[in-house]
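Some notes on the structure that comes next.
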Amino acid sequence: MKFSVFGIFLMLYQVEAASLWCYGSEDYHTITPLTSPLGLLDSPFNVNLRTVIFTFGFNGKLNGKETSAVVDAYKEYKKDNPINFILLEWEKEAASDSVGYIIQYSTTGIHNAKKIGCLLGDALMELSEHGLDLDKVHLIGHSLGAHLVGHAGKRTQQKGTQLPRITGLDPAGPLFTDPINLVRGLEKTDAFFVDVLHTNPQRLGTSDSIGDVDIWANCDLEYQPGCSESKDSCSHVQAAIYFAESVNYPSSLPAVSAESCHDWSNGDYNKSDILYLGITYNSQAKGDFFLRTNLKSPFRKGIDGIRP
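When the letters of the sequence shown are read in order and numbered with mature numbering (1 follows the signal peptide of the UniProt record, and there is no 0), they come out as residues -17 to -1, 1 to 291.
So, in structure tokens, the structure goes:
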């Protein structure tokens, strides 16, 4: 494989393309450069509303399965619930089509995620100076995007503000997980409450408990239901699919507390200690939680989902 070292370092700093897509209605959105966030203050953004910001991971696409699922879910949610919903678009910076997936993930991908996360933190602080209530901000990231929003949380804390909630959807594992934990990513200290959903641990997703709450979906299975054994990406994406389903069915994907997957699988769990995947959350909850899904959409099993 031939590639230019200069080209790699050039891509390391190409973060000017990232933008904020603010959805007003199902068919309308505005696009604002991440480096000029005050453009968001024009309609449809409302500084008085709760604000949800979602982003995808390495090699993610605007029309990717995980992105479309979450965006479509929040478009539907917005019909009856006044919120700001924003997609952080960094497709160019997250691309893997130049020098190979592994090389680019290890260099440009991880670097750009940190850089853009810091820029997002700066943007939130700038918007707060113009009325945005940071106590109403919820950041959500899938895969490497989970670590990106973690860096946003670190950045706002450096400037004196702790965000209320960050959600990591199967945060990327390679280089972030023991025993080869070389870089800092999403941590429970990045927000007042950090919740994490795991669907592909020890492969594309981290196998570490890194949040205040870590939810393990179908933890006794190597792959998520409906996913081929040859496709880690399918299980990895399922975190976003499950979360998207929970947005408009907020009490449909319960998880139950247990000490380990082994304990849960063997019926050793606390039936009274339950939380729900999605928008609603208990900021006092701590530890590992487990849930079972259906084999296909709809994945929600209701209260039956706490049983192994």
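Backbone N, C-alpha and C fix where the C-beta goes; we use that ideal spot for every residue, glycine too. Computed from a predicted model, the values in this text were never measured in an experiment.
query, result
"For a test of your reading of the model: does the CB of leucine 24 fall under 7 Å from any non-hydrogen atom of the ligand HEM? Yes or no.", "Absence of the ligand HEM is noted for the structure shown, with no ligands found whatsoever."
"Please state whether DSSP places glycine 168 in a helix, a strand or coil.", "coil"
"Roughly how many angstroms lie between the CA atoms of valine 177 and alanine 238, to the nearest whole one?", "16 Å"
"Evaluate the contact criterion for the stretch 179 to 198 versus the stretch 8 to 23: three or more CB pairs, one atom per stretch, below 8 Å.", "no"
"Looking at the structure shown, is phenylalanine -9 part of a helix, part of a strand, or coil, going by DSSP?", "Only weak support is given to the placement of phenylalanine -9: the predicted model assigns it a pLDDT of 47, under 50, and the value that follows is read from those uncertain coordinates. Helix at phenylalanine -9."
"Ignoring anything shorter than 3 residues or poking outside the stretch 29 to 107, list the beta strand (DSSP E) runs there in chain order.", "33 to 38 and 66 to 72"
"Report yes if the CB atom of leucine 165 is closer than 8 Å to the CB atom of proline 154, and no otherwise.", "no"
"Please state the DSSP three-state secondary structure of leucine 278.", "coil"
"By a C-beta neighbour count over all protein chains shown, 10 Å radius and 16 as the cutoff for buried, is histidine 113 buried or exposed?", "exposed"
"Go ahead and label aspartate 287 buried or exposed: buried means 16 or more other beta carbons lie within 10 angstroms of its beta carbon, across all protein chains shown.", "exposed"
"So threonine 34 packs on valine 120, CB below 8 Å; how close in whole Å?", "5 Å"
"Can you name, in chain order, every residue of its own chain whose Cβ lies under 6 Å from the Cβ of proline 147, other than the five neighbours on each side?", "Asp118 and Phe175"
"Span of the alpha helix (DSSP H) holding threonine 139?", "127 to 141"
"Looking at the structure shown, is histidine 12 part of a helix, part of a strand, or coil, going by DSSP?", "strand"
"Can you find a CB in chain C that lies within less than 8 Å of the CB of alanine -1?", "Of the protein chains in this structure there is only one, and it is not chain C."
"With respect to the alpha helix (DSSP H) encompassing phenylalanine 226, which residues constitute its N-terminal and C-terminal limits?", "215 to 231"
"Which whole-angstrom value describes the C-beta separation of valine 53 and phenylalanine 226, a residue pair presumed to lie in contact below a C-beta threshold of 8 Å?", "7 Å"
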